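Mind the numbering: the sequence shown is residues 1 to 300 in the UniProt record's numbering, read in order.
Glycine included, every Cβ here is placed at the ideal spot set by N, Cα and C.
No experiment lies behind these values; they were computed from the predicted model shown.
A short write-up of the structure that comes next.
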Amino acid sequence: MLFKAKVLLIGIILTLVITLLLSLLYVRELENGGSVQLKEQVPILKSNKLGIVIPFRERFDELLEFIPHIHSFLENQNVLHEIFVINQVDQYRFNRGSLINAGFKEIISSYNTIDYIAMHDVDLLPLNPALDYHYPPSGHVNHISAPHLHPRYHYASFVGGILLITKEDFMQMNGLSNNYWGWGLEDDEFYLRLKEAKIGIHRPGNLTTGTLNTFRHNHDRAIRKRDMTKCYNQREVTRKRDRHTGLHNVNYVLKKKHELLIDGVSSIVLNINLKCNKTLTPWCLCSEYSVKNTKNLKKE
Ligand code: UDP
Ligand code: MN
């Protein structure tokens with residue numbers, strides 16, 4: 001009984017001492033003019049996330065080099081990112097514009113953490129760490145592979161290669177034209193869209209490197225031939241601004257999604273089956289044109 005009373009007494013005394021100490025601490029804190037805080041409060045800033053969108057077909061060797069390279073390049077800049085390989089799996093000629101449109105649509109619907117995208121050639125590796133892949137300045141796209149830096153294209157209105165654009169601006173411009181099957185000109189048409197939308201083109205300045213050492217263009221033209229054939233009325237149609245096609249009417253089926261891991265870096269591969277309206281753009285297959293023409297010649 002006596003033992004129980006002693007334990008109770010010690011308990012009461014301990015509680016009193018602890019309460020006293022705590023209140024003394026609190027009073028001192030108030031005397032210092034401060035409030036009682038457990039942790040210093042740091043405002044949490046949300047960083048914008050970049051989606052690297054790679055229009056792609058049969059360039060696996062280049063992809064093996066590109067993915068680890070771009071990942072460490074962006075990590076060094078603290079740019080949050082995700083890599084999307086938009087893999088064309090239909091039988092038509094390559095269509096860079098439609099692949100980027102399709103990739104963008106998929107990103108919007110399934111990966112809504114992305115705030116801006118880079119349309120990125122798989123064979124263009126940034127070498128100069130001063131090339132800034134952060135969110136583009138307001139009202140502008142950021143043309144990373146600018147004419148004064150790109151290894152091959154130096155005309156003033158060039159916007160191909162690598163271009164950063166916000167989600168909102170890409171939607172406002174209705175993406176890229178879907179009419180460009182085969183190599184080239186879809187980027188020049190996109191330049192006209194930028195001008196019309198009054199979106200500025202920011203380009204890297206004050207770099208110590210030039211056309212020879214800012215990028216590595218991993219492209220052997222003997223192995224990777226550019227598909228420059230023009231058939232039907234392709235030449236006439238693709239020289240003009242296209243007001244009918246774009247992001248809103250890109251026609252495709254997403255066949256499959258894969259997660260691809262290269263040297264520990266993960267990327268998402270979207271297998272895209274593009275549809276071609278052969279009345280509007282018969283040049284999505286030039287082989288049919290030459291077969292037809294040969295037949296006609298034979299008949300004649
Ligand atoms: N591309 C591809 N497969 C092709 C054609 C093009 O993957 O059959 C992609 C690839 O990302 C490439 C980009 O489209 O970097 C631009 O094509 P290309 O390199 O032929 O154009 P360049 O800028 O060298 O004239
Ligand atoms: Mn190339």
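Beta carbon of residue 252 nearer than 9 Å to that of residue 102: In contact: residue 252 and residue 102 (Cβ atoms closer than 9 Å).
The ligand UDP heavy atom lying under 8 Å from the CB of residue 61: No, Cβ of residue 61 sits at least 8 Å from all heavy atoms of the ligand UDP.
Three-pair Cβ contact test at 8 Å for the region 259–269 versus the region 51–68: Taking 8 Å as the limit for Cβ pairs, the verdict is that the region 51–68 does touch the region 259–269.
Closer than 8 Å: residue 121 CB and nearest the ligand MN heavy atom: Yes, the beta carbon of residue 121 sits closer than 8 Å to at least one heavy atom of the ligand MN.
Coarse secondary structure for residue 32, derived from DSSP in three states: With a pLDDT of 45 at residue 32, under the threshold of 50, the predicted position of this residue should be treated as unreliable, and no value is reported.
Residue 110 in three-state terms, based on DSSP: Of the three classes helix, strand and coil, the one that applies to residue 110 here is helix, per DSSP.
Of the residues 175, 179 and 84, the one placed nearest residue 285, counting alpha carbons only: Of the candidates 175, 179 and 84, the one whose C-alpha sits nearest the C-alpha of residue 285 is 179.
heavy atom of the ligand UDP below 8 Å from residue 215 C-beta: No, Cβ of residue 215 sits at least 8 Å from all heavy atoms of the ligand UDP.
6 Å CB neighbourhood of residue 30 in its chain, flanking five on each side removed: A caution first: residue 30 carries a pLDDT of 40, below 50, which makes its placement in the model too unreliable to give a value.
Exposed unless 16 or more other CB atoms sit within 10 angstroms - verdict on residue 56: Residue 56 counts as buried, since no fewer than 16 other beta carbons sit within 10 angstroms of its beta carbon.
Which listed residue (73, 58, 139 and 62) has its alpha carbon closest to that of residue 173: Nearest option by C-alpha distance: 139.
C-alpha distance - residue 241 paired with residue 233, whole-angstrom precision: Spanning the two alpha carbons is a distance of roughly 15 Å.
Proximity test, residue 193 beta-carbon vs the ligand MN heavy atom, cut-off 8 Å: No; taking the cut-off as 8 Å, the Cβ of residue 193 has no heavy atom of the ligand MN nearer than that.
Cα-Cα separation between residue 151 and residue 51, rounded to whole angstroms: Counting only the Cα atoms, residue 51 lies some 24 Å from residue 151.
Meets three-Cβ-pair contact criterion under 8 Å: the region 71–89 and the region 146–162: Because the criterion of three Cβ pairs below 8 Å is not met, the region 71–89 and the region 146–162 do not touch.
Alpha-carbon spacing of residue 289 relative to residue 280, whole angstroms: In a straight line, the C-alpha of residue 289 is about 14 Å away from that of residue 280.
Rounded straight-line distance, which links the Cα of residue 134 to that of residue 244: Going from the Cα of residue 244 to the Cα of residue 134 covers about 32 Å.
C-alpha gap between residue 36 and residue 80, whole angstroms: Caution is warranted here: a pLDDT of 42 is assigned to residue 36, below 50, making its placement in the model unreliable, and no coordinate value can be reported.
3 or more residues per run - each beta strand (DSSP E) lying fully within the region 227–273: Listed in chain order, they are 252–262.
Secondary structure, alpha helix (DSSP H): runs of 4+ residues fully inside the UniProt domain "Galactosyltransferase N-terminal" (46–130): Those alpha helix (DSSP H) runs which fall completely within the UniProt domain "Galactosyltransferase N-terminal" (46–130) and span 4+ residues are 60–76 and 96–110.
Residue 268: CB within 8 Å of a non-hydrogen atom of the ligand UDP: For the ligand UDP, not one heavy atom lies less than 8 Å from the Cβ of residue 268.
Beta carbon of residue 164 nearer than 9 Å to that of residue 118: When the beta-carbon positions are compared, residue 164 and residue 118 come within less than 9 Å of each other.
Assigned exposure category for residue 137 - 16 Cβ within 10 Å defines buried: Label assigned to residue 137: exposed.
Spatial distance of residue 108 from residue 247 (CA atoms): Taken atom to atom, the span from the alpha-carbon of residue 108 to that of residue 247 is near 12 Å.
Where residue 224 sits in the DSSP three-state scheme: Three-state DSSP puts residue 224 in coil, outside helix and strand.
As assigned by DSSP and simplified to three states, the class of residue 216: Residue state, collapsed to three classes: strand.
Of the listed residues 144, 97 and 275, nearest to residue 193 (C-alpha basis): Of the candidates 144, 97 and 275, the residue whose Cα lies closest to the Cα of residue 193 is 97.
Those runs of the alpha helix (DSSP H) which lie wholly inside the UniProt domain "Galactosyltransferase C-terminal" (143–217) and span at least 4 residues: Considered as a whole, the UniProt domain "Galactosyltransferase C-terminal" (143–217) harbours 167–172 and 186–196 as its complete alpha helix (DSSP H) runs of no fewer than 4 residues, in chain order.
Buried/exposed call for residue 60, threshold 16 Cβ in 10 Å: When all chains shown are included, residue 60 counts as exposed.
Cβ-heavy atom distance, residue 90 to the ligand UDP, below 8 Å: Flag unset: Cβ of residue 90 not near the ligand UDP.
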